[in-house]
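Residue numbers (this note's numbering), protein chains in the order written: chain A, 616 to 870; chain B, 2 to 222.
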């Protein structure tokens, strides 16, 4: 579903991605972990061309959206993005719209969905993420966890085939992390294809089909969570997991 | 010499009709300014569109760097040399609008740039085009931030409009001068003219405050 082939990305003189290859199969949940600055978020942002990699290619479904620094024409890229949901660390909800309007905006603007239909869809999705009663309030009145769930509903409104999560719980108070992970878990269980950058090891262990460990712009190791967490092959993986234990982050989150 | 408001009171209907002309010219100039300012402000967001960006930047630099009175005279006295003979009112409206637009474009650009890039990214990630993201997501938020500085521009425009009296437009300033030319009551007349400008700028200010309050009610950040 997502193919990343030999992707390299540099910012100024600094090479952030030094040749990444990976494949997310349909209905698979891939979790990308690694120390900060390892290029995880950049890799995720390359998957819908929010960042354009200079080398290599990215394919979503059967569309090669970027190849050797050249993206597909604008209209085609927009169509692919519409089917590739993205959830951001800082939510990026539209503050001038109510929660329901946030969810309705893209279907109405991009797909010209009639308002009543978009509203019905929004209410359905908000109910799904547990925000049925928050449809007509503005995002400023929501808690962090509620904001992120609303943002997930907004992405789902385009009926995406793939969901990209960029550290969706990193900006949340600890007690609000669980409710967001719960929604993501339900999505994974429904068979959504997901690529998740996160520091939530409990989520990775429990939900991931594949865990990818990144460090310094490269993939260090990848495999099923059972192997990565209990029998890591690479020293860098061991060092990273050890650092997490020392930072008492590695306790499986009680989700 | 004594103070005598008699001639001004007698000529007050003429001052009011002048005030109406001032309002007409100003409102029309505001429209020119808004359209021009929005377009130029958006063009100046992206230096990679070299030709457009260069043209927009030259416009802003030239208009902000020269006196409004000179610009008005170029339109009114200069253009006829090339056979372009615009009516005085058109010169006034265009001159004021072009001048104000250069300032408004900077307000527009600043407000748009102050919106978190994450907003555009979220909109683009949902499949919106650049224009759709601008229209639905960025501009509505930026507009709210533009209001206070736009209020300043509106007030400046009202006051600057006094200069169009020099293009033979019968605005409140020129009507005042007419009254003085027959009554020689300069102080009294100019005080009355000043009062009228003060009322106009105040009304504009109140209206903008009202808009600001309304926009704050729906969707605070």
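Glycine included, every Cβ here is placed at the ideal spot set by N, Cα and C.
As the structure is a computational prediction, the values presented were derived from the model and not from experiment.
Please report the distance separating the alpha-carbon of residue 758 of chain A from that of residue 789 of chain A. 12 Å
Anything in the segment 716-750 of chain A with a Cβ closer than 7 Å to a Cβ of chain C? List those residues in chain order, please. Checking the listed chains, one finds no chain C in this structure; the protein chains it contains are A and B.
Hey, quick one: how far does the beta strand (DSSP E) through residue 631 of chain A stretch, first residue to last? If you look at residue 631 of chain A, you'll find it in the beta strand (DSSP E) that goes 629-639.
Same chain, Cβ closer than 8 Å to residue 687 of chain A, five either side skipped, listed in chain order: 678, 679, 680, 681, 695
Tell me whether residue 159 of chain B sits in a helix, a strand or coil according to DSSP, three-state version. Residue 159 of chain B falls in the helix class under three-state DSSP.
Residue 724 of chain A, enclosing alpha helix (DSSP H) - first and last residue: 714-725
Is there a Cβ of chain A sitting closer than 9 Å to that of residue 214 of chain B, yes or no? no
Counting only the same chain and skipping the five closest in sequence on each side, list residues whose C-beta sits under 8 Å from that of residue 18 of chain B. Cβ neighbours of residue 18 of chain B beyond the five flanking positions: 171, 176.
If you draw a straight line from the alpha carbon of residue 803 of chain A to that of residue 209 of chain B, how long is it in whole angstroms? 50 Å
Please determine, among A/746, A/826, A/736, the residue with the shortest C-alpha to C-alpha distance to residue 847 of chain A. A/826
Mind listing, in chain order, the continuous alpha helix (DSSP H) runs of no fewer than 4 residues lying wholly within the segment 18-66 of chain B? 51-65
Kindly indicate the opening and closing residues of the alpha helix (DSSP H) around residue 797 of chain A. Per DSSP, the continuous alpha helix (DSSP H) segment holding residue 797 of chain A begins and ends at 789-804.
Nearest-angstrom beta carbon gap, residue 724 of chain A and residue 129 of chain B [assumed within contact, 8 Å]: 6 Å
Relative to the alpha-carbon of residue 54 of chain B, which residue among B/66, B/41, B/63 has its alpha-carbon at the smallest distance? B/41
If we count the other Cβ atoms within 10 Å of its Cβ and call it buried at 16 or more, is residue 668 of chain A buried or exposed? Buried: at least 16 other Cβ atoms inside 10 Å.
If we ignore side chains and look at the alpha-carbon of each, how far apart do residue 207 of chain B and residue 670 of chain A end up? 56 Å
Through-space distance from residue 103 of chain B to residue 60 of chain B, alpha-carbon basis: 7 Å
Cutting at 7 Å between CB atoms, please list the residues of its own chain near residue 865 of chain A, excluding the five before and the five after it. Low confidence applies to residue 865 of chain A: its pLDDT is 46, below 50, so where it sits in the model is not reliable, and the reading given next is rough at best. If we look at residue 865 of chain A and ignore the five residues flanking it on each side, its Cβ neighbours are 816, 856, 859.
Helix, strand or coil for residue 779 of chain A, going by three-state DSSP, please let me know. strand
Where residue 106 of chain B falls: helix, strand or coil (DSSP): helix
Enumerate in chain order the residues of its own chain whose CB-to-CB distance from residue 621 of chain A is below 8 Å, with the five nearest sequence positions on each side excluded. 634, 635, 636, 670, 671, 672
Proximal chain A residues relative to residue 115 of chain B, where beta-carbon distance stays under 9 Å: Those within 9 Å of residue 115 of chain B in chain A number zero; the least Cβ separation is about 13 Å.
Here's the rule I'm using: 16 or more other beta-carbon atoms within 10 Å means buried, otherwise exposed. How should residue 742 of chain A be labelled? A residue is called buried once 16 or more other Cβ atoms fall within 10 Å of its Cβ, and residue 742 of chain A, having fewer, is exposed.
For a test of the three-state rule: what should DSSP assign to residue 170 of chain B, helix, strand or coil? Reduced to three states, the DSSP call for residue 170 of chain B is coil.
Just to confirm before moving on: does the CB-CB distance between residue 96 of chain B and residue 73 of chain B stay below 9 Å? yes
Pull up the distance between the alpha-carbon of residue 768 of chain A and that of residue 168 of chain B, whole angstroms please. 59 Å
Note down, in chain order, each residue of its chain lying with its Cβ closer than 6 Å to the Cβ of residue 844 of chain A, except the 5 sequence neighbours on either side. Beyond the five residues adjoining it in sequence on each side, residue 844 of chain A comes within less than 6 Å, by CB distance, of 820 in the same chain, given in chain order.
For residue 706 of chain A, which residues of its own chain have a beta-carbon under 6 Å away from its beta-carbon, when the five flanking residues on both sides are left out? 762, 763, 766
Cβ of residue 665 of chain A less than 9 Å from any chain B Cβ? Under the Cβ criterion of 9 Å, residue 665 of chain A is counted among the residues facing chain B.
Below 8 Å on the Cβ atoms is my guess for residue 151 of chain B versus residue 200 of chain B; work out the distance and round it to an integer in Å. Between residue 200 of chain B and residue 151 of chain B the Cβ distance is about 20 Å, and since that is not below 8 Å, they are no contact.
In whole angstroms, what separates the C-alpha of residue 24 of chain B from that of residue 174 of chain B? 12 Å
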